[in-house]
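The block underneath contains the structure these notes are about, expressed in structure tokens.
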Amino acid sequence: MIGIIKTSPVPAKIKVTLPKATGETLVLPSCVNGGSAISKTFQILYRNEDVTINDLISFRLHTIIDSSKIEECLEKLELQLVLELWFSEEDAGPGSLQDKMESVTSRTLSLHFSPTKGIHHHVPVLFDYFHLCALDTTVHGTLIGLHQPAITLPRPPKSAWTKNGPGENSIEMVYFGSAAQYGDYSRNDTVRLHTAFNVHRKLCTVLLSAYESLQATFELYLKTMRNSIFKLEHMNCHRRLEIIMDSIQCFDNEEDLINKATTDVTQLCAENVNLWFQFVEVVALDRSVLHLLTQEHHTSRVQH
Numbered sequence: 001m002i003g004i005i006k007t008s009p010v011p012a013k014i015k016v017t018l019p020k021a022t023g024e025t026l027v028l029p030s031c032v033n034g035g036s037a038i039s040k041t042f043q044i045l046y047r048n049e050d051v052t053i054n055d056l057i058s059f060r061l062h063t064i065i066d067s068s069k070i071e072e073c074l075e076k077l078e079l080q081l082v083l084e085l086w087f088s089e090e091d092a093g094p095g096s097l098q099d100k101m102e103s104v105t106s107r108t109l110s111l112h113f114s115p116t117k118g119i120h121h122h123v124p125v126l127f128d129y130f131h132l133c134a135l136d137t138t139v140h141g142t143l144i145g146l147h148q149p150a151i152t153l154p155r156p157p158k159s160a161w162t163k164n165g166p167g168e169n170s171i172e173m174v175y176f177g178s179a180a181q182y183g184d185y186s187r188n189d190t191v192r193l194h195t196a197f198n199v200h201r202k203l204c205t206v207l208l209s210a211y212e213s214l215q216a217t218f219e220l221y222l223k224t225m226r227n228s229i230f231k232l233e234h235m236n237c238h239r240r241l242e243i244i245m246d247s248i249q250c251f252d253n254e255e256d257l258i259n260k261a262t263t264d265v266t267q268l269c270a271e272n273v274n275l276w277f278q279f280v281e282v283v284a285l286d287r288s289v290l291h292l293l294t295q296e297h298h299t300s301r302v303q304h
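Residue 176 in full-length UniProt numbering is what sits at position 176 of the sequence shown, and the numbering runs on without skipping anything.
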């Protein structure tokens, strides 16, 4: 059984899916149970030292972060991957086998996720010497989107300070801040616009950095995949950021600026999602990529 837990107090929701079936079913196919995934169930035959499982499991995490501290918040999520070994000595039929299984041991891996660099790692997980069982585990992760939370916060009572200001959880609040911090903000249009430009640059930089890192990793892996015919279209992320910022600085109207900013961020998120799906489809479970990651893990262990 495989699951991801978050030890930090930040609210989060984790969705687990199995993108595609891979390999043989063995005794029972892989499945999702609540917030965890169960790998293929296989029979232990002592003449076989290795069993190929090849399960591809997707964990999609949604969390609430401070828009002014995006990288800091995501790096402090304290994500952990929990791997549990389940076993049954009873020779039950497939229909009742899962009910007979018991958890005998587990291992927990800390995931050091960077929102701008992602995570790409392979590690052989040895459960314990009593069970003498190891599981080759590969983890890939990236930031695919930044969105307004789909929640409604209580509205504050109307007053001279709030009646004309944006809602605390609105996109205007993210870009322009509260009206109170500007006083008579009709005299501070230039300051407000400058603040919005800086916020937009920060949001786009984080998304483009995530894209650039995943793109570089994808291109590296494709070089090792001699049989792959996939062609990745390279995007110059630095130039893309310049174009976005040149475009948005033409606006001197707050409403038009917000519309343009929303369009930019939505487009970048869509591109990150598309690149991620391509990456998973092409790279996941590829033997040459696994060999490269295994070498990187070995080199890292030797150096440290």
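C-beta atoms are modelled at their ideal positions from N, C-alpha and C, and glycine is treated no differently. Here the structure is a predicted model, which means the values were calculated and not measured.
Please classify residue 55: does DSSP put it in a helix, a strand, or coil? Taking the first residue of the sequence shown as 1, we reach residue 55 at position 55. Reduced to three states, the DSSP call for residue 55 is coil.
For residue 297, which three-state DSSP category applies? In the sequence shown, residue 297 corresponds to position 297, counting from 1. Residue 297: helix per DSSP, three-state reduction.
Leaving out five residues on either side along the sequence, give the residues of the same chain with a beta carbon under 7 Å from the beta carbon of residue 15. Residue 15 sits at position 15 when you count from the first residue of the sequence shown. Closer than 7 Å at Cβ, skipping near neighbours: 60.
For the alpha helix (DSSP H) containing residue 242, list its first residue and its last residue. Sequence index remark: in the sequence shown, residue 242 carries index 242 (1-based). According to the DSSP assignment, residue 242 belongs to the alpha helix (DSSP H) that extends over 237-248.
Hey, which unbroken runs of the beta strand (DSSP E) at 3 residues or more fall wholly within the stretch 181-219? Taken in chain order, no unbroken stretch of beta strand (DSSP E) lies wholly in the stretch 181-219 with a span of 3 residues or more.
The alpha helix (DSSP H) with residue 278 in it runs from where to where? Indexing the sequence shown from 1 puts residue 278 at position 278. Element bounds for residue 278: 254-283.
Write down every uninterrupted run of the alpha helix (DSSP H) in the stretch 34-83 whose length is 4 residues or greater and which is fully enclosed by it, in chain order. Listed in chain order, the complete alpha helix (DSSP H) runs (minimum 4 residues) inside the stretch 34-83 are 70-75.
Enclosing beta strand (DSSP E) for residue 144 [first to last residue]: Sequence index remark: in the sequence shown, residue 144 carries index 144 (1-based). Element bounds for residue 144: n/a, residue is neither H nor E.
Would you be able to state if there are at least three C-beta pairs under 8 Å between the stretch 61-70 and the stretch 22-41? The stretch 22-41 vs the stretch 61-70: no contact.
Between the Cα of residue 115 and the Cα atoms of 214, 215, 295 and 210, which residue gives the shortest distance? Within the sequence shown, the letter at position 115 stands for residue 115. Measuring from the Cα of residue 115, the nearest candidate turns out to be 210.
From this set, 282, 286, 200 and 235, which residue's C-alpha is nearest residue 248's C-alpha? Translated into positions along the sequence shown, residue 248 becomes position 248. Among 282, 286, 200 and 235, the Cα nearest to that of residue 248 is on 200.
Please classify residue 144: is it buried, with 16 or more other beta-carbons within 10 angstroms of its beta-carbon, or exposed? In the sequence shown, counting from the first residue as 1, residue 144 sits at position 144. Around the Cβ of residue 144, a 10 Å sphere holds 16 or more other Cβ atoms; the residue is buried.
Can you name, in chain order, every residue of its own chain whose Cβ lies under 6 Å from the Cβ of residue 187, other than the five neighbours on each side? By one-based count along the sequence shown, residue 187 stands at place 187. Reliability fails at residue 187, whose pLDDT of 49 lies under 50, so the model's placement of it is uncertain and no value is given.
Need the endpoints of the beta strand (DSSP E) that residue 104 sits in, please. The count along the sequence shown starts at 1 and reaches residue 104 at position 104. Under the DSSP assignment, residue 104 falls in the beta strand (DSSP E) whose first and last residues are 102-111.
Measuring CB atoms only, is the stretch 288-299 touching the stretch 229-238, in the sense that at least three cross pairs come out at less than 8 Å? By the Cβ criterion, the stretch 288-299 is not in contact with the stretch 229-238, since fewer than three pairs of Cβ atoms, one from each stretch, lie closer than 8 Å.
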